[in-house]
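Shown next as structure tokens:
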């Protein structure tokens with residue numbers, strides 16, 4: 019009765035305010051886009067913002083160890099920690115100087131990487147350089163190796179006698195490198211650049227290859243010179259990718275711990291991340307969180323700047339309705355020298371570290387490069403009690419197989435889920451450009467990047483070690499289940515931590531799909547799900563697979579993030595490698611590092627053969 | 006204006022959250038230990054084994070891989086009791102254990118770690134998070150009854166190592182030598198920001214500043230003149246050493262490697278680190294020499310490897326068996342202690358046999374460690390170290 023009455027009433031005053039609001043509300047709720055946005059925002063708040071809040075609170079509260087120094091009871095509100103950070107006798111050496119070092123390193127690494135990666139990207143995508151298949155494979159290899167393994171290799175080559183120990187490769191050849199090259203900022207910048215340029219390469223070549231060469235040809239037809247085309251057409255089009263590469267690399271290198279630790283600590287060169295790690299180690303949690311928050315603010319400012327720049331531009335939809343075609347640009351005379359430079363670069367910067375680690379894994383005693391010192395002991399040998407506490411070669415070590423299986427389990431589940439979430443967030447961000455929700459989701463998804471992995475792991479440990487629930491109307495609602503010691507926690511932490519990556523990949527993927535295509539579907543009456551199934555997904559498939567590969571590689575080599583969360587049952591391969599390193603079983607660490615690399619390389623090669631995935635299309 | 010409002014709101018929210026989540030620390034609740042017979046030290050091995058078999062396993066959080074060496078022996082001696090060994094760094098271990106305990110997840114049975122600063126005793130044993138287990142037949146005979154504040158099985162010291170291919174004896178004879186220009190950049194210390202070894206030594210020097218001042222005069226022939234930021238001779242040493250470019254290593258294993266890790270090194274720094282790494286001389290043929298008695302002043306603080314039973318340990322009897330085993334059982338020479346009886350480790354039990362070639366424990370000049378002094382000052386000491394970095 020009431021229904022018919024209402025219909026009648028509505029018919030009576032068709033434009034009533036209530037009806038309008040009702041309709042707007044109904045439209046809003048039934049629009050799947052909004053529902054996805056809402057769910058994403060809630061989840062992101064729970065998984066990203068709440069741990070962040072917890073960090074902030076910790077820095078304003080007297081910790082159990084500091085009651086006497088802060089002159090306040092435990093749990094009391096205090097500015098003690100911030101004062102200690104910004105204005106105390108240790109501020110200069112604990113905060114300002116390391117921060118200066120970090121900013122310098124991050125700025126150098128990010129700029130060098132973008133330039134290097136950009137040049138490579140242009141060569142691989144745009145030019146007519148021969149052997150692209152092999153070159154592009156060689157160029158992305160550094161992405162497959164954890165950067166601390168590259169630092170290991172750096173030391174193996176450049177170690178000087180002044181530091182002592184077994185000689186580095188160059189010292190063995192009686193070429194003693196200067197100390198400033200072996201350790202300290204120069205070494206850190208070089209090693210990190212050799213690692214991170216691959217990120218820039220992936221991002222920029224993705225953007226380059228999605229540019230329809232018609233745009234450049236148009237310029238050519240109108241009589242523009244090559245430089246003018248590059249400056250006025252190509253650069254602006256790859257600018258968003260180059261900028262986001264800069265930011266990704268900047269914030270990654272500012273938060274990276276292991277490389278500055280290997281190459282800086284020995285000579286007393288601290289960065290903000292090694293300082294942060296120290297503070298966590300000394301259980302000065304509040305100070306550590308304070309430092310993390312400073313890192314987060316820096317990165318936040320960067321993102322804001324990035325959005326100001328990109329936001330002002332028009333969107334760069336480059337997959338149009340028409341087919342893409344790309345005509346390579348001839349290099350002419352410079353082709354041969356460029357090839358030589360590339361080959362030398364790949365041989366020395368990319369392959370040599372891995373080869374050297376492999377050779378080291380065959381050396382019974384380190385530093386002795388003679389043939390008689392070669393052995394397979396660290397690969398297949400049975401344990402001899404005098405060498406490394408009787409550890410067998412890795413292929414005879416049951417622990418190795420267990421860690422290998424664990425690694426695969428975690429990496430497969432986490433990468434699938436992470437890629438899916440990334441594409442969803444990417445959709446929101448790309449379609450919500452300029453809207454508040456789009457901005458919000460983009461920024462929330464980026465936060466995990468700014469929190470150093472080790473701090474992130476610690477946060478998740480405290481968040482999920484005990485069940486947190488609320489009771490509403492007698493109904494118990496679990497907010498955070500107890501996940502400590504489970505694989506689920508490792509999945510979750512890997513997914514959330516890689517969200518900036520996967521969502522970048524997702525939004526890059528979605529940004530390329532012009533909204534015109536969706537609009538066309540809409541005009542024809544296609545619903546959201548239908549459009550998703552018939553337009554978005556097919557067009558984003560290759561991006562999806564490539565995004566998956568991107569996360570796969572990232573998760574497979576992850577260490578800092580999970581080091582606090584693994585239990586012996588859930589140990590992974592990088593963890594095993596790192597504990598070999600820690601126990602000074604260097605050759606075992608080398609062997610397992612080489613294997614890790616081979617696995618990632620094989621997966622990469624296999625998927626690019628079979629599924630035609632392309633990391634360069636992933637972000 | 007709008008921004009200020011938002012900021013104020015955010016601050017208010019933070020404060021509210023802060024007051025809501027006050028820290029609650031358990032103050033030494035030992036009821037679980039009483040109820041589970043942690044303090045019973047008269048059980049025989051057979052009685053413990055009977056119960057341990059029912060428990061089936063024991064979870065060890067340890068800080069040294071040497072535990073792995075005797076796990077097969079333990080499992081052979083007590084069939085049916087499986088050892089799950091978690092190899093962790095000490096800080097990581099305590100972090101993990103404390104968090105698990107706070108969350109009511111009781112995994113650990115025994116924590117094997119190092120007591121250097123008194124923190125195990127003061128923060129963990131006194132608050133009832135960890136327990137001592139001193140079975141009568143094992144701990145009736147110990148070199149110093151004061152050690153029983155914890156459950157120790159070996160003593161570790163710190164000392165200077167030198168490369169025996171390059172030097173016939175320790176090339177320095179005083180702490181002040183490493184502040185001289187000729188040693189700039191040629192000596193190694195363990196990172197004071199990561200490990201407590203050096204901060205503890207700093208504390209000893211600050212506490213014995215008069216001794217450091219006298220030593221200075223002996224080395225340089227004139228009394229020390231303190232700068233404004235050097236409150237006493239102990240601080241002065243810290244600052245002058247810090248500015249003489251020490252090589253900082255994060256692992257003790259790397260220190261001995263740098264000093265003598267390869268044959269025929271043409272150059273090598275000297276390094277100050279944990280005594281137990283002298284074993285690499287015997288195991289891996291490292292070219293390591295030590296001579297702690299060459300200093301006229303004390304050269305080291307004393308620290309212990311300890312095995313503590315965890316509060317709410319799920320396998321109490323097996324945990325007790327494990328502690329007994331790592332102490333070498335009643336005669337202190339069982340397979341559990343053998344991996345530790347290597348060069349540079351000293352047993353707390355006078356009858357434990359260690360045949361390795363090394364300086365006699367009594368000949369090594371040692372600082373008397375004062376945990377209370379350390380506790381009051383460690384933060385200032387570590388701050389001082391950070392503030393005097395060049």
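Protein chains in written order, with my numbering: chain R, 19 to 637; chain Y, 6 to 395.
For each residue, glycine too, the CB sits at the ideal point set by N, CA and C.
Beta-carbon proximity list for residue i, same chain, < 6 Å, skipping 5 on both sides
{"i": "residue 436(R)", "result": "513, 516, 520 and 569"}
{"i": "residue 91(Y)", "result": "66"}
{"i": "residue 141(R)", "result": "147"}
{"i": "residue 571(R)", "result": "162 and 618"}
{"i": "residue 202(R)", "result": "285 and 287"}
{"i": "residue 347(R)", "result": "144 and 145"}
{"i": "residue 228(Y)", "result": "222"}
{"i": "residue 330(Y)", "result": "79 and 341"}
{"i": "residue 557(R)", "result": "531"}
Boundaries (first-last residue) of the alpha helix (DSSP H) holding residue i
{"i": "residue 350(Y)", "result": "Where residue 350(Y) is concerned, there is no enclosing alpha helix (DSSP H), although the beta strand (DSSP E) it sits in stretches over 350-352."}
{"i": "residue 471(R)", "result": "471-482"}
{"i": "residue 376(R)", "result": "370-379"}
{"i": "residue 648(R)", "result": "In the structure displayed, chain R extends from 19 to 637; residue 648(R) sits before or after that span and is not available."}
{"i": "residue 66(R)", "result": "First-last for residue 66(R): undefined, no H or E at that position."}
{"i": "residue 130(R)", "result": "115-143"}
{"i": "residue 273(R)", "result": "253-273"}
{"i": "residue 224(R)", "result": "203-228"}
{"i": "residue 456(R)", "result": "454-468"}
{"i": "residue 290(R)", "result": "290-299"}
{"i": "residue 279(Y)", "result": "Segment 275-279 is the beta strand (DSSP E) holding residue 279(Y); no alpha helix (DSSP H) there."}
{"i": "residue 107(R)", "result": "Residue 107(R) -> no alpha helix (DSSP H), and no H or E assigned at all."}
{"i": "residue 413(R)", "result": "Where residue 413(R) is concerned, there is no enclosing alpha helix (DSSP H), given that its DSSP letter is neither H nor E."}
Endpoints, beta strand (DSSP E) assigned at residue i
{"i": "residue 310(Y)", "result": "308-315"}
{"i": "residue 295(Y)", "result": "293-295"}
{"i": "residue 489(R)", "result": "486-490"}
{"i": "residue 552(R)", "result": "No beta strand (DSSP E) contains residue 552(R), which DSSP labels as neither H nor E."}
{"i": "residue 166(Y)", "result": "163-168"}
{"i": "residue 90(Y)", "result": "87-92"}
{"i": "residue 64(Y)", "result": "62-67"}
{"i": "residue 624(R)", "result": "No beta strand (DSSP E) contains residue 624(R), which is instead part of the alpha helix (DSSP H) from 604-628."}
{"i": "residue 195(Y)", "result": "192-195"}
{"i": "residue 254(Y)", "result": "252-254"}
Close-in-space but distant-in-sequence residues of the same chain around residue i (CB under 8 Å, 5 per side omitted)
{"i": "residue 94(Y)", "result": "68"}
{"i": "residue 511(R)", "result": "474, 475, 478, 579, 580 and 583"}
{"i": "residue 211(R)", "result": "126, 127, 130, 131 and 134"}
{"i": "residue 412(R)", "result": "396, 397, 418, 606, 609, 610 and 613"}
{"i": "residue 153(Y)", "result": "137, 139, 144 and 147"}
Contacts around residue i, its chain only, beta-carbon distance under 7 Å, and the 5 residues preceding and following it disregarded
{"i": "residue 385(Y)", "result": "none"}
{"i": "residue 429(R)", "result": "570, 573 and 574"}
{"i": "residue 142(Y)", "result": "335"}
{"i": "residue 33(R)", "result": "none"}
At 3 residues or longer, and completely inside the segment 94-160 of chain Y: list those beta strand (DSSP E) runs for me, N to C.
-> For the segment 94-160 of chain Y, whole beta strand (DSSP E) runs of length 3 or above, ordered along the chain, are 115-120.
Does the segment 88-106 of chain R come within contact of the segment 270-284 of chain R, defined as at least 3 CB pairs closer than 8 Å?
-> No, they do not touch.
Taking a Cβ distance cut-off of 9 Å, strictly less, list which residues of the segment 565-583 of chain R are near chain Y, in chain order.
-> So the list reads 581 and 582, given in the order they occur along the chain.
Contact set between the segment 177-189 of chain R and chain Y, restricted to residues whose Cβ is under 8 Å from the partner | From the segment 177-189 of chain R, only 179, 180, 181, 182, 183, 184 and 185 have a Cβ closer than 8 Å to chain Y.
Three or more C-beta pairs below 8 Å linking the segment 606-617 of chain R and the segment 533-541 of chain R | Using a C-beta cut-off of 8 Å, the segment 606-617 of chain R makes no contact with the segment 533-541 of chain R, since fewer than three inter-stretch Cβ pairs fall below that distance.
Anything in the segment 99-133 of chain Y with a Cβ closer than 8 Å to a Cβ of chain R? List those residues in chain order, please.
-> Hits within the stretch, in order: 99, 100, 101, 104, 105, 107, 108, 109, 110 and 112.
Inter-stretch contact (C-beta, 8 Å, three-pair minimum) for the segment 72-83 of chain R and the segment 303-319 of chain R = Segments in contact, yes.
Give, in chain order, every unbroken run of the alpha helix (DSSP H) that is at least 4 residues long and sits entirely within the segment 371-395 of chain Y.
-> Segments of the alpha helix (DSSP H) lying fully in the segment 371-395 of chain Y: 376-392.
Note down, one range per segment and in chain order, each alpha helix (DSSP H) of at least 4 residues found wholly within the segment 525-593 of chain R.
-> As far as the segment 525-593 of chain R is concerned, its whole alpha helix (DSSP H) runs of at least 4 residues are 533-541, 546-549 and 555-574.
The segment 254-268 of chain R in contact with the segment 162-182 of chain Y per 3-pair CB rule at 8 Å = Under the three-pair Cβ rule at 8 Å, the segment 254-268 of chain R does not count as touching the segment 162-182 of chain Y.
Interface residues of the segment 174-189 of chain Y facing chain R [CB-CB below 7 Å] | Listed by position along the chain: nothing, the set is empty.
Can you give me, in chain order, the residues of the segment 74-102 of chain Y that have a beta carbon less than 9 Å from any beta carbon in chain R?
-> Against chain R - using a Cβ distance shorter than 9 Å - the residues of the segment 74-102 of chain Y are 74, 89, 90, 91, 92, 94, 96, 97, 99, 100 and 101.
Chain-ordered residues of the segment 111-137 of chain R with a beta carbon less than 9 Å from chain Y | If the cut-off is 9 Å between Cβ atoms, the segment 111-137 of chain R has 111, 112 and 115 near chain Y.
Three or more C-beta pairs below 8 Å linking the segment 318-325 of chain R and the segment 105-117 of chain R = With the cut-off at 8 Å, the segment 318-325 of chain R and the segment 105-117 of chain R do not touch.
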